[in-house]
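Be aware that the sequence shown starts at 66, since it is given in the working numbering, and climbs by one per residue.
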Amino acid sequence: MIIEPQVRLFDIIKCLSRAMDLISPEVVNHHERVAYIAFSIGAELGLSVDEQSDLILAGALHDSGALSIEERIDFLEFETKNPYRHAELGYMLLKGFDPLAAAARLVRYHHVPWNNGKGVEFRGNEVPTGSHILHLADRVAVLINNQQEVLGQGNAIISRINEQSGRMFMPQLVEVFNSLATREYFWLDVASHSISSVLQGMAKLKTVKLDMQGLLCLSDLFRQIIDFRSRFTATHSAGVAVSAVALAGLAGFSERECRLMRIAGHLHDLGKLAVPVEILEKQTRLTVEEIKVIKSHTFYTFRILEHISALDTINAWGSFHHERIDGSGYPFHHKGSDLSLGSRIMAVADVFTAITEDRPYRKGMSRDRTIEVLRHMADDRALDADIVSLLCRNIDEINSLRKTAQKSSVEEYRRFVMQANQ
Ligand SMILES: [Fe+2]
Ligand SMILES: [Fe+2]
Ligand SMILES: [Fe+2]
Numbered sequence: 066m067i068i069e070p071q072v073r074l075f076d077i078i079k080c081l082s083r084a085m086d087l088i089s090p091e092v093v094n095h096h097e098r099v100a101y102i103a104f105s106i107g108a109e110l111g112l113s114v115d116e117q118s119d120l121i122l123a124g125a126l127h128d129s130g131a132l133s134i135e136e137r138i139d140f141l142e143f144e145t146k147n148p149y150r151h152a153e154l155g156y157m158l159l160k161g162f163d164p165l166a167a168a169a170r171l172v173r174y175h176h177v178p179w180n181n182g183k184g185v186e187f188r189g190n191e192v193p194t195g196s197h198i199l200h201l202a203d204r205v206a207v208l209i210n211n212q213q214e215v216l217g218q219g220n221a222i223i224s225r226i227n228e229q230s231g232r233m234f235m236p237q238l239v240e241v242f243n244s245l246a247t248r249e250y251f252w253l254d255v256a257s258h259s260i261s262s263v264l265q266g267m268a269k270l271k272t273v274k275l276d277m278q279g280l281l282c283l284s285d286l287f288r289q290i291i292d293f294r295s296r297f298t299a300t301h302s303a304g305v306a307v308s309a310v311a312l313a314g315l316a317g318f319s320e321r322e323c324r325l326m327r328i329a330g331h332l333h334d335l336g337k338l339a340v341p342v343e344i345l346e347k348q349t350r351l352t353v354e355e356i357k358v359i360k361s362h363t364f365y366t367f368r369i370l371e372h373i374s375a376l377d378t379i380n381a382w383g384s385f386h387h388e389r390i391d392g393s394g395y396p397f398h399h400k401g402s403d404l405s406l407g408s409r410i411m412a413v414a415d416v417f418t419a420i421t422e423d424r425p426y427r428k429g430m431s432r433d434r435t436i437e438v439l440r441h442m443a444d445d446r447a448l449d450a451d452i453v454s455l456l457c458r459n460i461d462e463i464n465s466l467r468k469t470a471q472k473s474s475v476e477e478y479r480r481f482v483m484q485a486n487q
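Below, the structure written as structure tokens:
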């Protein structure tokens with residue numbers, strides 16, 4: 066039986082921030098650290114429960130607009146070059162989802178310096194104090210050296226931050242930080258491997274629960290964060306989701322199951338956030354190592370979503386799309402008997418979308434060639450033969466749904482790129 070998912074907003078946001086921090090060992094736990102520090106400063110200041118919750122959400126998502134690995138690494142420098150672009154893109158991505166609207170505003174200005182009070186405003190807009198808290202939290206986080214014991218670093222970090230009081234940071238917030246920084250637990254929490262569970266306790270503050278509709282909207286936002294990292298992948302999950310839903314409907318799935326399938330389609334490549342954009346976009350032949358990095362993406366999708374038991378079905382349908390009926394897929398080498406109908410549908414939808422979609426370096430396959438390739442994969446016991454037949458019998462209808470979905474996703478992506486280039 067499929068249970069209606071009821072997921073805490075914070076739990077699923079944590080999945081996204083974890084996925085974003087897989088990109089390099091240098092940014093390990095960065096989003097959760099910033100969430101923890103920002104929350105601690107907010108709590109110490111006596112902000113309201115809602116404001117504290119928004120600080121946690123904003124901290125956990127603040128760099129979601131930073132698309133390439135270089136950009137992410139650059140933000141680890143104490144003074145960054147052009148930090149406003151990723152902050153604006155993060156704002157654009159997040160603001161459309163109501164429960165994240167307030168956090169999105171904080172993200173938008175999280176690199177605005179205090180500049181002796183001029184930082185109350187940026188480009189004519191008011192900068193919330195929460196953004197200044199986020200800025201301070203982010204810079205404290207990047208000053209921590211992961212190779213060294215954390216308590217020994219406290220004094221040096223305190224003096225770097227205090228040198229910038231009034232310039233980069235709001236003096237009142239620096240005072241609050243100074244008082245937090247005298248407590249050992251603060252540093253030990255920040256450096257802890259289990260910072261996740263520490264945050265878990267704090268995030269009980271305001272429990273926003275998402276129902277199916279909320280989850281659907283949020284998964285659509287995740288889809289954009291995953292796919293918009295590269296023009297090579299920009300519309301992929303939109304195509305996979307719509308094809309998988311069409312197949313599920315034809316296979317007799319209920320309306321509710323079809324909605325779960327759509328969410329699974331949006332999330333199926335979540336683990337691609339761990340793949341550097343330089344690999345996603347490489348024009349020349351990939352090395353053996355690079356292929357291994359790409360192939361790890363479904364492993365990460367699975368391991369990240371596994372933390373939320375209400376998403377078990379979505380996870381199984383989304384994460385096993387590179388498994389093959391004869392056990393030759395990856396990374397778990399599940400065989401046909403281990404793969405549910407939903408997982409088999411997603412595998413077919415993924416191959417179908419991948420071969421029919423246009424990519425910047427090649428056109429999608431023709432109708433006849435697509436049928437040929439899919440039938441061949443079914444004969445080889447890679448894909449489920451019944452699902453492939455179902456698709457081939459309805460190929461024109463499904464292909465037109467796919468094209469329409471990817472076309473509207475191209476429009477979204479265009480707007481996103483225009484904003485990025487402003
Ligand atoms: Fe940032
Ligand atoms: Fe950051
Ligand atoms: Fe994939």
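From the three backbone atoms N, C-alpha and C, an ideal C-beta is built for every residue, glycine too.
{"Asked": "Hey, Leu-158 and Gln-278 are a contact pair by Cβ (cut 8 Å); roughly how many whole angstroms apart?", "Found": "Leu-158 to Gln-278, Cβ: 19 Å. No contact."}
{"Asked": "Between Ala-313, Gly-231, Asp-451, which has its C-alpha nearest Gly-407's C-alpha?", "Found": "Ala-313"}
{"Asked": "Tell me where the alpha helix (DSSP H) around Ile-359 begins and ends.", "Found": "353–360"}
{"Asked": "Under 9 Å, Cβ to Cβ, is there at least one residue of chain C near Ile-328?", "Found": "No chain C appears in this structure, which consists of one protein chain only."}
{"Asked": "Just mark Arg-64 as buried or exposed, buried being the case when its beta carbon has 16 or more other beta carbons within 10 Å.", "Found": "Missing from the structure shown is residue 64; the chain here goes from 66 to 487 and no further."}
{"Asked": "Are the CB atoms of Gly-383 and Ala-329 within a distance shorter than 9 Å?", "Found": "yes"}
{"Asked": "Just the C-alpha distance for Lys-79 and Val-263, rounded to the nearest angstrom, thanks.", "Found": "12 Å"}
{"Asked": "What is the C-beta distance between Val-255 and Arg-98, in whole angstroms, given that I count them as a contact (C-beta under 8 Å)?", "Found": "5 Å"}
{"Asked": "Considering only the alpha carbon of each residue, which of Ile-223, Ala-303, Asn-147, Ser-89 lies closest to Ser-474?", "Found": "Ala-303"}
{"Asked": "Would you mind working out which of Asp-203, Tyr-101, His-331 sits nearest Tyr-250, comparing C-alpha positions?", "Found": "Tyr-101"}
{"Asked": "Could you check what DSSP says for Ser-230 in three-state terms: helix, strand or coil?", "Found": "strand"}
{"Asked": "Cutting at 6 Å between CB atoms, please list the residues of its own chain near Ala-64, excluding the five before and the five after it.", "Found": "Here the chain has residues from 66 to 487 only, and residue 64 is not among them."}
{"Asked": "Is Thr-300 near Gln-471, with beta carbons less than 9 Å apart?", "Found": "yes"}
{"Asked": "Counting Cβ pairs closer than 8 Å, one from the region 315–329 and one from the region 452–465, do we hit at least three?", "Found": "yes"}
{"Asked": "Using DSSP's beta-bridge definition, name the partner residues of Phe-187.", "Found": "Asn-190"}
{"Asked": "Is the CB-CB distance between Leu-132 and Gly-195 below 9 Å?", "Found": "no"}
{"Asked": "Could you check if Met-483 is buried or exposed, using at least 16 other CB atoms within 10 Å of its CB as the buried criterion?", "Found": "exposed"}
{"Asked": "Which partner residues does Leu-275 have in the DSSP bridge list?", "Found": "Val-72"}
{"Asked": "Out of Val-114, Ala-125, Ile-138, Gln-213, which has the shortest C-alpha to C-alpha gap to Ile-88?", "Found": "Ile-138"}
{"Asked": "Using the Cα positions of Leu-165 and Arg-434, report the straight-line distance between them to the nearest angstrom.", "Found": "44 Å"}
{"Asked": "Roughly how many angstroms lie between the CA atoms of Glu-354 and Gly-107, to the nearest whole one?", "Found": "43 Å"}
{"Asked": "Between the alpha carbons of Gln-265 and Leu-120, how many angstroms are there, rounded?", "Found": "14 Å"}
{"Asked": "Quick check: the Cα distance between Asn-380 and Val-413, rounded to an integer number of angstroms?", "Found": "16 Å"}
{"Asked": "Whole angstroms are fine: how far does the CA of Val-207 sit from the CA of Leu-332?", "Found": "29 Å"}
{"Asked": "So the candidates are Ala-309, Ala-84, Gln-237, Leu-286; which of them puts its Cα closest to the Cα of Gly-182?", "Found": "Gln-237"}
{"Asked": "Using 10 angstroms around the beta-carbon of Thr-247, count the other beta-carbons present and answer buried if the total reaches 16, otherwise exposed.", "Found": "exposed"}
{"Asked": "Per DSSP, what are the beta-bridge partners of Arg-427 in this structure?", "Found": "Arg-424"}
{"Asked": "Under 8 Å: do the region 437–448 and the region 386–398 share three or more Cβ pairs, one atom per stretch?", "Found": "yes"}
{"Asked": "Between which two residues does the alpha helix (DSSP H) harbouring Glu-91 extend?", "Found": "It is not in any alpha helix (DSSP H) - Glu-91 carries neither H nor E in the DSSP assignment."}
{"Asked": "Grab me the residues of Lys-360's own chain with a C-beta within less than 6 Å of its C-beta, minus the 5 sequence neighbours each way, in chain order.", "Found": "Tyr-395"}
{"Asked": "So, using beta-carbon positions, are Leu-335 and Ile-369 closer together than 9 Å?", "Found": "yes"}
{"Asked": "Quick check: Ala-309 and Glu-462, are their CB atoms within less than 9 Å of each other?", "Found": "no"}
{"Asked": "What separation, rounded to the nearest whole angstrom, lies between the Cα atoms of Ile-67 and Thr-378?", "Found": "For Ile-67, the pLDDT reaches just 49, beneath the cut-off of 50, and the residue's location in the model is therefore unreliable, leaving the point undetermined."}
{"Asked": "Within the structure, which residues are defined as neighbours of ligand 1 by a Cβ-heavy atom distance below 7 Å, reported in chain order?", "Found": "His-127, Asp-128, Ala-131, Phe-140, Pro-148, His-151, Ala-152, His-175, His-176, Asp-203"}
{"Asked": "If you compare alpha carbons, which of Asn-464, Glu-191, Asn-243, Phe-287 is closest to Leu-110?", "Found": "Asn-243"}
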